[in-house]
Amino acid sequence: MAGCLPVDQPFLDLARIATAWFDENARDLPWRHAEAGAWGVLVSEFMLQQTPVVRVEPAWRAWMTRWPDPAALAADTVAEAIRAWGRLGYPRRALRLHACAEAIVERHGGVVPDRLDDLLALPGIGAYTARAVTAFAYGQRQPVVDTNVRRLVARAVSGRPDAGPATTAADLTAVEALLPVQDRLAARASAAFMELGALICTARNPRCQDCPLWTGCAWRLTGSPAGSGPMRRPQRYAGTDRQVRGLLLAVLRESSGPVPAARLDLVWPEARQRDRALAGLITDGLVVAASGHRYALAGEASHRS
DNA sequence: GACTCGTGGGA
DNA sequence: TTCCCAAGAGT
Numbered sequence: 001m002a003g004c005l006p007v008d009q010p011f012l013d014l015a016r017i018a019t020a021w022f023d024e025n026a027r028d029l030p031w032r033h034a035e036a037g038a039w040g041v042l043v044s045e046f047m048l049q050q051t052p053v054v055r056v057e058p059a060w061r062a063w064m065t066r067w068p069d070p071a072a073l074a075a076d077t078v079a080e081a082i083r084a085w086g087r088l089g090y091p092r093r094a095l096r097l098h099a100c101a102e103a104i105v106e107r108h109g110g111v112v113p114d115r116l117d118d119l120l121a122l123p124g125i126g127a128y129t130a131r132a133v134t135a136f137a138y139g140q141r142q143p144v145v146d147t148n149v150r151r152l153v154a155r156a157v158s159g160r161p162d163a164g165p166a167t168t169a170a171d172l173t174a175v176e177a178l179l180p181v182q183d184r185l186a187a188r189a190s191a192a193f194m195e196l197g198a199l200i201c202t203a204r205n206p207r208c209q210d211c212p213l214w215t216g217c218a219w220r221l222t223g224s225p226a227g228s229g230p231m232r233r234p235q236r237y238a239g240t241d242r243q244v245r246g247l248l249l250a251v252l253r254e255s256s257g258p259v260p261a262a263r264l265d266l267v268w269p270e271a272r273q274r275d276r277a278l279a280g281l282i283t284d285g286l287v288v289a290a291s292g293h294r295y296a297l298a299g300e301a302s303h304r305s
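With the UniProt record's numbering, letter number 199 in the first sequence gets 199, and the count goes up by one each step, no holes.
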């Protein structure tokens with residue numbers, strides 16, 4: 001088999017090597033089990049958007065127990081979805097996942113669609129998540145490009161220390177070219193790329209000693225030059241509207257019903273910023289004003305008093 | 001494209 | 001302690 005042809009470009013074998021490694025080293029994550037189904041995969045992808053695996057796993061288990069299919073979630077309130085989201089961060093994702101479940105019920109009879117176009121049309125599903133579902137839930141051959149894959153390809157294939165800004169179309173083309181022809185093998189390779197990026201080819205302190213791609217890695221072959229560091233100084237979190245939104249929502253999450261405005265006033269001293277944050281939450285559809293100068297999670301059953 | 005949007009843990 | 005950053009999407 002191997003050796004029939006001279007290998008000018010060893011990384012024609014990248015997918016095969018990565019997959020072989022994956023077979024031995026993949027984490028045993030619950031949404032990778034067949035029982036998780038397409039809904040389980042979809043929920044995991046929503047939760048994993050910018051949230052680490054270790055924090056997602058318990059939340060995912062609770063979520064799937066409570067809402068084992070899209071219809072179950074769609075039948076419950078947005079407020080409960082926001083509460084169950086807990087402290088995963090970016091609570092708008094809970095809102096979108098709920099809306100996504102509703103759309104799946106309405107448009108697809110409660111079955112997570114397997115067509116890329118249908119998935120892309122759903123709330124909260126973008127280029128990455130749509131392809132992740134087609135590949136991981138339905139075994140299709142689609143380029144699944146997340147931050148891990150972009151970094152892995154930038155290094156191993158292009159020899160660059162880091163991936164630049166996401167350029168969706170180009171990234172999709174580049175990764176697609178790396179996939180095996182067969183659907184099932186391609187889907188497996190996609191999972192393998194992500195896992196390699198997450199566990200070995202990490203952003204900081206990559207574990208090149210343990211990397212199966214070491215021999216042919218273009219970055220390693222050029223001496224593993226250092227990157228230029230963070231491109232721009234990210235905004236500090238402390239003192240941002242984001243933090244204030246988080247504080248406000250935490251209060252509402254932990255309350256069973258509408259909360260007096262005076263209670264929300266306690267979370268942040270500056271009224272101007274506090275009001276702006278609250279207005280933003282309302283605009284986003286996470287919070288609604290209730291009677292008697294009170295506020296509640298959106299979709300909360302209103303309590304008369 | 002540039003921004004915005006939470007949260008918590010590890011280096 | 002500070003700072004990076006972790007399976008993105010929407011505007």
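C-beta atoms are modelled at their ideal positions from N, C-alpha and C, and glycine is treated no differently.
query, result
"Buried versus exposed, by CB contacts within 10 Å (16 or more), A169", "exposed"
"Close Cβ partners of A71 (< 7 Å) along its chain, the five nearest in sequence each way excluded", "V105, G110"
"Sequence-distant residues of the same chain with beta carbon closer than 7 Å to D146, five excluded per side", "Y128, M194"
"Per-residue DSSP class, three states only, for A156", "helix"
"Nonlocal neighbours in the same chain, by C-beta distance under 7 Å from L248, ignoring five residues either side", "L264, V267, A277, L278, L281"
"H33 burial status per 10 Å Cβ neighbour count (16 or more: buried)", "exposed"
"Close-in-space but distant-in-sequence residues of the same chain around A132 (CB under 6 Å, 5 per side omitted)", "E45, V144"
"Classification of S190 by the beta-carbon crowding that lies within 10 angstroms, buried from 16 upward", "buried"
"Distance between beta carbons of A296 and V259, contact taken as under 8 Å", "7 Å"
"For V287, the residue or residues it bridges with in DSSP", "L297"
"Check whether A74 and A101 have beta carbons under 8 Å apart", "yes"
"Within 8 Å, strictly: CB atoms of I82 and A99", "no"
"Close beta carbons around G299, own chain, < 6 Å, minus the five adjacent residues each side", "T77, V78, A79"
"Three-state class that DSSP yields for P58 in the structure shown", "helix"
"Reference N153; option with closest CA among L196, G139, T19", "Correcting the residue identity first, residue 153 is Val in this sequence and not Asn. Selected option, being the one with the closest Cα: L196."
"For V259, three-class secondary structure by DSSP", "strand"
"Contacting residues, own chain, Cβ-Cβ under 7 Å from D162 (five flanking each side not counted)", "R151, A154, G227"
"Cβ neighbours of W39 in the same chain (closer than 7 Å, five flanking residues each side left out)", "D69, P70, V112"
"Alpha carbon of T51 to alpha carbon of E57, nearest angstrom", "10 Å"
"Continuous alpha helix (DSSP H) stretch holding R107: start and end", "92 to 108"
"Candidates T173, V53, G223: closest to L88 by CA position", "V53"
"Straight-line gap, Y90 to M47 (C-alpha atoms, nearest Å)", "9 Å"
"Separation of Q243 from D23, as counted between CA atoms", "41 Å"
"Neighbourhood of L116 by C-beta, 6 Å cutoff - its chain only, sequence neighbours within 5 removed", "A130, T134"
"Local Cβ density within 10 Å of V181, reported as buried at 16 or more and exposed below that", "exposed"
"Assigned exposure category for G223 - 16 Cβ within 10 Å defines buried", "exposed"
"CA-to-CA distance, A250 to W31, given in whole angstroms", "27 Å"
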